[in-house]
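Numbering (our numbering), first residue to last: 1 to 229.
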């Protein structure tokens, strides 16, 4: 079972690259040692991967981003698609260079995996391993809903930090300390409705759907302190 508390701790490092390396090692220790994250909101998709640097250089030098079948077949949030060299016999519809890409990735350790797109967010994930498809499926089943949650944590950490106005940050800090809206209002010397407005504004500014997500993202980026008392 994935330890989400451990994931949160390793992502709190100030350096995003170090957080990514730690996260990749964490998933690798659980058997999923080939991970690719694509930021599909950018004109040229951003990419983070646990592949070795020489593989990433090869991917870029071959212009594979322009023909990667992941972008045309695996971006539906409603459908997780099997990926990896183990499935090449099912992919005769792909162009030769696309099949070459998948085969070469297999030689670099991505034998079997699956796509996972968590909407909203703009991040798509290709998650795999050198293991066989049946073993990867068993790993995924054992992780259950904790895997998407861990990936959301990593996604939040990779996003650029969002600065919060002082009063919005303070309201979130008191919320993180366990206070209710009326108690926060008393501490801040404002009306409860104003507290609600601060929390709503902070949530939108952080791109979070819930207050809990807003707290998590703000904490990961150091936008709030978690020591209010």
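Glycine included, every Cβ here is placed at the ideal spot set by N, Cα and C.
Quick caveat: nothing in here was measured; it's all calculated off a predicted structure.
When you compare only the Cα positions, how much space is there between residue i and residue j?
| i | j | result |
| --- | --- | --- |
| residue 228 | residue 145 | At residue 228 the pLDDT is 43, less than 50, meaning the model places this residue with poor confidence; the figure from the coordinates comes in the next sentence. Using only the alpha carbons, I get a separation of about 31 Å. |
| residue 13 | residue 93 | 44 Å |
| residue 30 | residue 128 | 11 Å |
| residue 136 | residue 172 | 39 Å |
| residue 196 | residue 181 | 7 Å |
| residue 35 | residue 96 | 24 Å |
| residue 219 | residue 88 | 42 Å |
| residue 183 | residue 23 | 37 Å |
| residue 112 | residue 49 | 16 Å |
| residue 118 | residue 67 | 23 Å |
| residue 71 | residue 200 | 34 Å |
| residue 76 | residue 222 | 32 Å |
| residue 213 | residue 83 | 30 Å |
| residue 90 | residue 185 | 60 Å |
| residue 25 | residue 147 | 14 Å |
| residue 59 | residue 46 | 13 Å |
| residue 2 | residue 138 | 14 Å |
| residue 230 | residue 179 | With the chain covering only 1 through 229, there is no way to say anything about residue 230. |
| residue 15 | residue 63 | 29 Å |
Write down the C-beta distance between residue i and residue j rounded to the nearest angstrom, noting that I regard them as a contact closer than 8 Å.
| i | j | result |
| --- | --- | --- |
| residue 231 | residue 133 | No information on residue 231 is available, as it lies outside the stretch 1 to 229 that the chain covers here. |
| residue 167 | residue 151 | Contact doesn't hold; Cβ gap of about 32 Å is too wide. |
| residue 114 | residue 81 | 7 Å |
| residue 143 | residue 37 | Contact flag wrong, Cβ pair sits at about 17 Å. |
| residue 175 | residue 140 | So it is not a contact: roughly 34 Å between Cβ atoms. |
For residue i, tell me which candidate among the options has the shortest Cα-Cα distance.
| i | options | result |
| --- | --- | --- |
| residue 17 | 190, 154, 200 and 218 | 154 |
| residue 40 | 74, 56, 25 and 10 | 74 |
| residue 164 | 185, 46, 215 and 177 | 215 |
| residue 69 | 79, 99, 48 and 80 | 99 |
| residue 157 | 10, 3 and 113 | 10 |
| residue 61 | 95, 90 and 101 | 101 |
| residue 224 | 187, 177 and 20 | 177 |
| residue 159 | 1, 5, 19 and 6 | 19 |
| residue 27 | 46, 76, 38 and 51 | 51 |
| residue 106 | 5, 33, 140 and 117 | 33 |
| residue 130 | 47, 184, 104 and 162 | 104 |
| residue 53 | 72, 139 and 21 | 21 |
| residue 230 | 56, 79 and 5 | Any answer about residue 230 is impossible in this case: the structure gives the chain only from 1 up to 229. |
| residue 5 | 59, 149 and 65 | 149 |
| residue 108 | 57, 210 and 217 | 57 |
| residue 217 | 8, 1 and 24 | 8 |
| residue 202 | 162, 179 and 222 | 162 |
| residue 169 | 147, 198 and 59 | 198 |
Should the segment 190 to 197 be called in touch with the segment 206 to 222, which here means at least 3 C-beta pairs below 8 Å?
-> The segment 190 to 197, when compared against the segment 206 to 222, does not touch it at the 8 Å Cβ threshold.
Counting only runs that start and end within the segment 38 to 97, where is the beta strand (DSSP E) found for 3 or more residues in a row?
-> Listed in chain order, the complete beta strand (DSSP E) runs (minimum 3 residues) inside the segment 38 to 97 are 46 to 49.
Could you tell me which uninterrupted beta strand (DSSP E) segments, each at least 3 residues in length, are contained entirely in the segment 147 to 219, listed from first to last along the chain?
-> For the segment 147 to 219, not a single whole beta strand (DSSP E) run of length 3 or above is found.
Fully enclosed by the segment 99 to 153, which alpha helix (DSSP H) runs are 4 residues long or longer?
-> Within the segment 99 to 153, the complete alpha helix (DSSP H) runs of at least 4 residues are 133 to 143.
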